[in-house]
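S.K.:
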Amino acid sequence: MSGGGHGPGADRERAIKEELDFYLELRAKEIQQVEGVRPEEALRRARERFGDRERIASELGAIGTRHARRAAWRHRFESIVQDVRFAVRALARRPGFTVTAVATLALGIGATTAIFGVADAALLRQPAVRAPAELAMVYTTCRNGDPRCTLSWPDYLSYRERSTTLAGLAAYTFSSTSISTDEGADVLGAFLVSGNFFEVLGVSMALGRPIQQADEDAGGADPVAVLDHALWRDRFGSDRGILGRTLRLDGASFTVVGVAPESFRGVDLGGPPDVYVPLTDALALRDGSARDASLLDSRAQRWIARAVGRRAPGTTVEQVRGELETIAGQLAADYPDLNEGRSVTVDPLDGYVRPTNAGAGMTRFVMLLSGVVGFTLLLACANLANLLLARATARRREMGIRVALGAGGGRLVRQLLTEAVLLAVVGGAAGLAVAWALFRALSAFALPGGVAISQLNTGLDGRLLVFAFALSVLTGVLFGLIPALQGGRADVVSALKDGARGASVGGGLRTGLVALQVALCLILLVGSGLFLRSLGNAMGTEKGYDPDGLALATFDVSAAGYDGDPARALSERILARTAGLPGVQATALAMRAPLEPGGFGTFIEVPGYQPAAGEDLRIEYNFVTPGFFRAVGATVVRGRGLLPTDTRESGWVALINESMAARWWPDRDALGSSFQLGSREVRVVGIARDMEWFGLESPGTAFVTMPLTQGPAPQRLTLLARTAGDTDPLLNAIQDVVRAVDREVPLLSMGTLREQLGQVLMPQRMGATLLTLFGALALLLAAVGIYGVVSFTVGRTRREIGIRMALGAGRGRVLATVIRTMLAPVALGLGAGVIAALALTRLVGSFMYGVQPDDPLTFAFITALLAAVALVSALLPARRATRVDPAGVLREE
Amino acid sequence: MSGSNLFTGTLDLLVLQTLAGQKLHGYAIGRSIRAAGGDALAVEEGALYPALHRLEARGLLEAGWGRTDTGRRAKFYTLTADGRAHMEAERARWEAHARAVWAVLEAGGAS
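Same order as they appear, the protein sequences are chains A and B. The working numbering puts the first residue of the first sequence at 4, with every later residue one more than the last. The working numbering puts the first residue of the second sequence at 362, with every later residue one more than the last.
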């Protein structure tokens, strides 16, 4: 800031010199008088006492520069404050516009924030473990080609012991456990974990110590448990004295040794369990049952749901995969009957692990939701840009005056942009309330794969607040920039001359925005229509059973210590008491609840049936009591149902479904013939109509239903009770029955078949609900947009209309002329929307049920609906044009 | 930077004190500080100017060009409201400090 002869720096330098010269001059005069010396000597003394003049001058220069720089910043800040204050005043002057804009933005930004929160929790966040990028999930491949199957404990140990590329390999499996307290038995979610679980994940406890290798080795000698932080907080009031206390889990005593940190939610999507126990403890103590203990030795029982390994320093995922594949090869060679044809799948951890049955569906569904809210927000932006453009026209005179008074074009653009961003930020703040409400509404839904949104770690945290704020600013710039640039180009002379009636600002742009709105709206509405139709179709597929009035209660007798005959006797007692409840028409017990996901599949052999090479001979099966078919409202087509006389002493019998009969006995009568199920020879005593459980099994799945008495000792059972009345009181009564029979028996779930169907159809329902909601919003926005543009055009061309009417144009002609201005953008929007929708709906094809993504009916209906709405939105303001009084208009001015 | 913090602080306070209730140019301020008998400007009289400019940059002083009685152009300084408040706070602090030092000296003398 020095050197040059002019500029603020040079001015400052001159001023400093003048100020210092002034001092020296007066000081020299003083010295001359007081000390009586000659002027030259006085000046010398004055200079000497003054000190290093050059240094002081440069110090003053530096102070001045710093000060000037700070003042410039302050000025900049003040002008922003001024802009904001001005914007506030401008917005306050038009409360109608402001409220509309803020409400539109609040909906758009709020919805986007909420859906981003879900996407973030489901897809983006990393588990709260040490260096998650070093972790990898390890699965075995199944012989049927499924790449992600569960492991047996001996296989797991083989990998753990032989691998050198992994620093550690932990195993765990999902389970539930009953906890007994004075109030009764409760069910907790449990992780049964290997001893190195917390060590491999690198998680240190909030309190106490983690489960350790020594706990696994002890194998039930001294059972321990680690609590989830939320359970500790909610059930034990964050009592630090919990360490060393004993919990009764599944009837055995476990000592609490630690509490997991609050942030730790495991590595699986869908929330942490309530309690972690060493799996060796859990197996050793579970009723001492021989079946469970043998799980640790059996290579055939593949019950380890998850294995997670941490790469050793310096090894790559490829090296790990290569080594584990080698080990899989060794195991296949050592145990050919069990392990031949099995390899491993190594998935590096990328975010929380999604349920293996979710597949790509969950990601695609979350992307779909994001797309929907993104489109809605874009539509809101288009709408606001349009409103602002209309305002810019109305404010041309104001802007022209400001330019005439010396405001630069840049300053005007900044002013208009400030207004837009201010609107967006206020809208964003209001949007947080919308997001909060939407989170609550969404928590009733689940994502494909069964991950309940309420189980996700969603909520308005700092990350989301930052997202909402950034989104607001971006939105403001997006919808504010074009109108601001248009408005900032105010032409002083013409603006002042034409006044507010001047040519419109961005006329072409505005019709373009209408086209964009119509297109976006069409996409959303088509999506909504497709989801609604799928939902309707899916609802109509409940074939072969009656979902209404059926109460379901699942309980676990083994958890209360029952096995074998006592378990059978106990479940019979619960069944008998339920049958005696008032209003109950039919009851049954089943090993597998209706709609419970498959996986019970087993192989059969039918004498006389020659399977094709590689044919899938799996069937699904269930063990039930005789009342089952009556209770679910299923039909036995031929033969008989199950009878109380079908016992373990009588021969093995089964009912098969029609699909199975048709497939295995194509030209014979299945009834009365037999098939081989493991070592059993089972006689077909009846043929039942297929039950189509939507979404769980492909239609036509072979299904075998056998008597519960001929099945294994019951553990988990589902009680079915049909009533003509209300199911809620019945469910309460069933709960009382189970409690009364044995309060230690935990109820795992209660509900109705109708509710469970709802769960299965969740993605369709959620898609239909949200798309319809946003589609309706989009329709409203588009209608408002068209209405606004048309009424603005009418207002601006009143004079022209008046002249034409004075020249004899009829009302119909005028109406047609005005409507015609909207024809092109609406037609363009509809066309573009149809093309875009055809491309986009293909992506959601997997969620469609009984309807093609390019369903012509849906497309035609939505296009017609949108065209009608556009017509009405244009017609209302256009009618005002026909009421123009020609004489009155011509007299104006 | 000339002088210690204590010295700068003292000079600042003296400048503010001098300007209480009057509008003066740099020479007049320096003269009255010297007349008050302190040695704040004994080392280097020019040190007054960085003090003045800093106080101005902090908004404690307001400066502007004007004419002296003899008609010469000079830069005059006045105290702002912030400057007055600052001066009073500083003076109270100094007095408290001085009292504390005095108390220590008294106690030392008594023993």
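Note that beta-carbon positions come from the ideal geometry of N, C-alpha and C, so glycine has one too. Nothing here was measured: the structure is a model prediction, and the numbers come from that model.
Within this structure, are the beta carbons of L598(A) and V763(A) separated by less than 8 Å?
M.R.: Cβ distance < 8 Å, so L598(A) and V763(A) count as in contact.
S.K.: Identify every run of the alpha helix (DSSP H) within the stretch 317 to 356 of chain A, keeping only runs that are complete inside it and at least 4 residues long; order them along the chain.
M.R.: Counting only runs of 4 or more, we get 320 to 337 and 339 to 342.
S.K.: Per DSSP, which one or two residues make a beta bridge with L230(A)?
M.R.: According to DSSP, L230(A) bridges with V262(A) and V278(A).
S.K.: Among residues of its own chain, excluding the 5 on either side of G583(A), which ones have a beta-carbon nearer than 6 Å to its beta-carbon?
M.R.: Around G583(A): no qualifying Cβ.
S.K.: Please give the ranges of any alpha helix (DSSP H) in the stretch 390 to 451 of chain B, keeping only runs that are unbroken, at least 4 residues long and fully inside the region.
M.R.: Taking only runs of at least 4 residues, the alpha helix (DSSP H) segments lying wholly in the stretch 390 to 451 of chain B are 409 to 418.
S.K.: The stretch 437 to 464 of chain B: which residues have C-beta closer than 7 Å to a C-beta of chain A, in chain order?
M.R.: Against chain A - using a Cβ distance shorter than 7 Å - the stretch 437 to 464 of chain B contributes no residues.
S.K.: Using 8 Å as the threshold, is the stretch 299 to 317 of chain A in touch with the stretch 141 to 157 of chain A, meaning 3 or more CB pairs across them?
M.R.: Short answer: they touch.
S.K.: Would you check if the stretch 216 to 231 of chain A and the stretch 254 to 274 of chain A touch, i.e. whether three or more CB-CB distances between them fall below 8 Å?
M.R.: A contact exists between the stretch 254 to 274 of chain A and the stretch 216 to 231 of chain A.
S.K.: Check N366(B) in the structure and name its three-state DSSP category.
M.R.: Low confidence applies to N366(B): its pLDDT is 45, below 50, so where it sits in the model is not reliable enough to give any reading.
S.K.: Assign H458(B) to buried or exposed, taking buried as 16 or more other Cβ atoms, counted over all protein chains shown, within 10 Å of its Cβ.
M.R.: The residue in question, H458(B), is exposed, as its Cβ has fewer than 16 Cβ neighbours within 10 Å.
S.K.: So what's P710(A) in DSSP terms, helix, strand or just coil?
M.R.: Strand.
S.K.: List, in order along the chain, the chain B residues whose C-beta lies closer than 8 Å to that of F53(A)?
M.R.: Within chain B, the residues near F53(A) are E405, E406 and G407.
S.K.: Measure the C-alpha to C-alpha separation of L381(A) and I865(A) and round it to an integer number of angstroms.
M.R.: Each residue's alpha carbon lies about 20 Å from the other.
S.K.: Have a look at A293(A) and A589(A) and give me their C-alpha separation to the nearest angstrom.
M.R.: Reliability of the predicted coordinates at A293(A) is poor, the pLDDT of 41 falling under 50, and no value is obtained from them.
S.K.: Starting from N389(A), trace the alpha helix (DSSP H) in both directions and tell me its first and last residue.
M.R.: It spans G364 to A397 - the alpha helix (DSSP H) in which N389(A) sits, taken as one unbroken run.
S.K.: Report, in whole angstroms, the separation of the C-beta atoms of V311(A) and V203(A), which I expect to be a contact under 8 Å.
M.R.: Going by Cβ atoms, the distance from V311(A) to V203(A) rounds to 7 Å, so yes, they are a contact pair.
S.K.: Quick one, which residues of the stretch 27 to 43 of chain A are near chain B if we go by CB-CB under 7 Å, in chain order?
M.R.: Here the close residues are L29 and R30.
S.K.: Which residue comes first and which comes last in the beta strand (DSSP E) that contains M208(A)?
M.R.: Unbroken run through M208(A): none, as it is neither H nor E.
S.K.: Find out if the Cβ-Cβ distance for the pair G586(A), L722(A) is shorter than 8 Å.
M.R.: It is not a contact, given that the beta carbons lie outside the stated cut-off.
S.K.: Can you tell which of A122(A), Y624(A), I607(A) and T628(A) has its C-alpha closest to the C-alpha of E618(A)?
M.R.: Ranking the options by Cα distance to E618(A), first place goes to I607(A).
S.K.: Could you tell me whether the Cβ atoms of G689(A) and R641(A) are closer together than 8 Å?
M.R.: Yes.
S.K.: Is C145(A) helix, strand or coil by DSSP?
M.R.: If DSSP states are grouped into helix, strand and coil, C145(A) belongs with coil.
S.K.: Give the single residue among G64(A), D253(A) and S166(A) whose Cα lies nearest to the Cα of S178(A).
M.R.: Cα-wise, what sits closest to S178(A) is D253(A).
S.K.: Have a look at I245(A) and D277(A) and give me their C-alpha separation to the nearest angstrom.
M.R.: Roughly 15 Å separates the two Cα atoms.
S.K.: If you follow the beta strand (DSSP E) that V270(A) is part of, which residue opens it and which one closes it?
M.R.: First-last for V270(A): undefined, no H or E at that position.
S.K.: On the CB-based measure, 16 or more other CB atoms within 10 Å of its CB, does G53(A) come out buried or exposed?
M.R.: For the sequence presented, residue 53(A) should be read as Phe rather than Gly. Buried, since its Cβ has 16 or more Cβ neighbours within 10 Å.
S.K.: Let me confirm a value: S653(A) is counted as buried when at least 16 other C-beta atoms fall within 10 Å, else exposed. Which label applies?
M.R.: Result: exposed.
S.K.: Using a C-beta cutoff of 8 Å, does E22(A) count as contacting chain B?
M.R.: Yes, its Cβ sits closer than 8 Å to a Cβ of chain B.
S.K.: Could you work out which residues of chain B lie near R69(A), taking near to mean beta carbons separated by less than 9 Å?
M.R.: In chain order: A418.
S.K.: Closest Cβ-Cβ distance between G489(B) and chain A: below 8 Å?
M.R.: Residue numbering for chain B in the displayed model covers 362 to 472; residue 489(B) lies beyond these limits and cannot be assessed.
S.K.: Terminal residues of the continuous alpha helix (DSSP H) containing Q35(A)?
M.R.: Run containing Q35(A): P11 to E38, per the alpha helix (DSSP H) assignment.
S.K.: Can you tell me whether DSSP reads M694(A) as helix, strand or coil?
M.R.: Note: M694(A) maps to coil in three-state DSSP.
S.K.: Please list the partners that E803(A) has in chain B, where partner means a Cβ-to-Cβ separation under 9 Å.
M.R.: Going along chain B, no residue has its Cβ under 9 Å from E803(A), so there is no contact; the nearest lies around 59 Å.
S.K.: Per DSSP, what kind of secondary structure is A572(A) in: helix, strand or coil?
M.R.: A572(A): helix per DSSP, three-state reduction.
S.K.: Determine the direct distance from the alpha carbon of L774(A) to that of A440(A), and round the result to whole angstroms.
M.R.: Their backbone Cα atoms lie some 17 Å apart in a straight line.
S.K.: Using beta carbons (cut-off 8 Å, strictly below), is L921(A) in contact with chain B?
M.R.: In the structure as shown, chain A starts at 4 and stops at 896, and residue 921(A) therefore has no counterpart that could be examined.
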